Structure formats: C-alpha cells, structure tokens
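Residue numbers (the working numbering): 309 to 401.
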Amino acid sequence: MRKVMTPRTSIRAACKIGGCTLEDFMKKMQVLGFVVEHTNEENMNEEINTTMPEMLRAIDKNNIIDMDVRPIIASGDDPLGQIMKRVSDISVG
Numbered sequence: 309m310r311k312v313m314t315p316r317t318s319i320r321a322a323c324k325i326g327g328c329t330l331e332d333f334m335k336k337m338q339v340l341g342f343v344v345e346h347t348n349e350e351n352m353n354e355e356i357n358t359t360m361p362e363m364l365r366a367i368d369k370n371n372i373i374d375m376d377v378r379p380i381i382a383s384g385d386d387p388l389g390q391i392m393k394r395v396s397d398i399s400v401g
C-alpha cells in the first residue's frame, strides 16, 4: 500500500487518513531534524477542499467513466496501469 499511495498523496491527506493534524505531523518532523517551511500557520490549518470544481460539475454524466480502484489498491497492486488502459480505450471526440 505504501509504495502505491506515496507518489499519489499529499502530507495533508495522509494526516487526515492517519487521524492526526498537519501541525502535529510537522512538529514531529522537526523533532526528527527535518526543516519545515510554510508561509504561515493559517495555511497549515486549512481544511482539504473536497468540493468539486464547477468545471467538473458541468461535465455531462454520460461522459464520465466510473472506476473504483479501491479493490486494486487493497490487493496491493498499483491501479495506474488499469486507469491508463481505460483512458486509452476512450475514443477522441
């Protein structure tokens, strides 16, 4: 799971999944010797925006391909290959 998710997630999302705050994570990283750079405390405490952008909401539902990759990830495989296969099957136009 770690090798699959690491390149495709953010620290903020990992903190949310792990049940800790971004601020606590950054403090632990500093204790370990990491240099943490951020512009201000407000940015560290921003919530993850989960609302869908208007551009995506405007897409015709018939043009959306639904693919649940959770079982692939749960099995320890990387879903990117299967996602790219589905993308290559889409006809242009």
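Glycine included, every Cβ here is placed at the ideal spot set by N, Cα and C. Given the structure is predicted, the values throughout are model-derived calculations rather than measurements.
Looking at the backbone, the Cα of Asp374 and that of Gly341 are separated by about 43 Å.
Rounded to whole angstroms, the separation of the alpha carbons of Cys328 and Pro387 is 27 Å. Annotated three-state conformation of Met363 is helix, per DSSP. Per DSSP, reduced to three states, the secondary structure at Ser318 is coil, with no helix or strand assignment.
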